[in-house]
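In this note's numbering, the protein residues as written are 92 to 238.
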Amino acid sequence: MVSRRSFVKGVLGLAAAGTFAAGYAPVIEQIVKPTYTPIKPDPSIDEGAKFVYSTCLGCNVRCGIRAKVVEKDGVSVVERIEGNPYHPYNRVVDPSSQYSRLDPLPYTTPVRESLNYVGTLCARGQDGIHYLYDPYRIKSPLKRAGP
92 MVSRRSFVKG
102 VLGLAAAGTF
112 AAGYAPVIEQ
122 IVKPTYTPIK
132 PDPSIDEGAK
142 FVYSTCLGCN
152 VRCGIRAKVV
162 EKDGVSVVER
172 IEGNPYHPYN
182 RVVDPSSQYS
192 RLDPLPYTTP
202 VRESLNYVGT
212 LCARGQDGIH
222 YLYDPYRIKS
232 PLKRAGP
């Protein structure tokens, strides 16, 4: 015979499990049947944009970055930061087939051709634009005030 306490615990446990499963049904469906959206290359390659290759200073790894610089009202502005496909830390992604390689592009690849590939970069590296254009960033050395 089942006691009332065991019955109530079982019903509450089943209700909690059912609520959890119903709430996470979309997440479980995304895990079981993932959808992929292709990464498109930058459409404005030939519009007078310059690409500057450098390294990210967001952490101590120093990944390679490729910054897209455009002219807006006579001022050079960084419009986008992405991974450098030549750098050994950034995997190369072919946007047409979502094929990811673990090796960088060979250095013999022409720069014009490398613009068709995207190197991976973490969120901190892609946020480098905010480091550059933050109104509260420190632009000169701070001087000590006081004794």
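Idealized CB from N, CA, C, for every residue including glycine.
Reduced DSSP category for residue i - H, G, I as helix; E, B as strand; rest coil
| i | result |
| --- | --- |
| ILE220 | helix |
| VAL123 | helix |
| GLY237 | coil |
| ALA158 | strand |
| VAL93 | coil |
| GLY101 | helix |
| VAL166 | strand |
Close-in-space but distant-in-sequence residues of the same chain around residue i (CB under 6 Å, 5 per side omitted)
| i | result |
| --- | --- |
| TYR177 | PRO195 and LEU196 |
| TYR144 | ARG157 and ASN175 |
| PRO179 | PRO195 |
Environment of residue i [buried if 16+ CB atoms lie within 10 Å]
| i | result |
| --- | --- |
| CYS150 | exposed |
| LEU212 | buried |
Through-space distance from residue j to residue i, alpha-carbon basis
| i | j | result |
| --- | --- | --- |
| ASN207 | LYS230 | 35 Å |
| VAL209 | VAL183 | 6 Å |
| SER205 | ALA140 | 15 Å |
| ARG95 | GLY109 | 21 Å |
| TYR115 | ASP225 | 38 Å |
| ALA113 | LEU103 | 15 Å |
| ILE119 | PRO125 | 10 Å |
| ALA106 | SER97 | 14 Å |
| TYR222 | LYS163 | 19 Å |
| VAL152 | VAL99 | 54 Å |
| LYS234 | ASP218 | 28 Å |
| ASN181 | ALA214 | 13 Å |
Other residues of its chain near residue i: CB distance less than 8 Å, five sequence neighbours each side excluded
| i | result |
| --- | --- |
| GLY216 | CYS147, GLY149, CYS154, ILE156, ILE172 and GLY174 |
| PRO160 | The identity of residue 160 in the sequence shown is Val, whereas the question assumes Pro. Here the set comprises ALA140, LYS141, PHE142, VAL143, SER167, VAL168, VAL169 and GLU170. |
Contact set for residue i: own chain, Cβ-Cβ below 7 Å, skip 5 residues either direction
| i | result |
| --- | --- |
| ILE220 | VAL169 and ILE172 |
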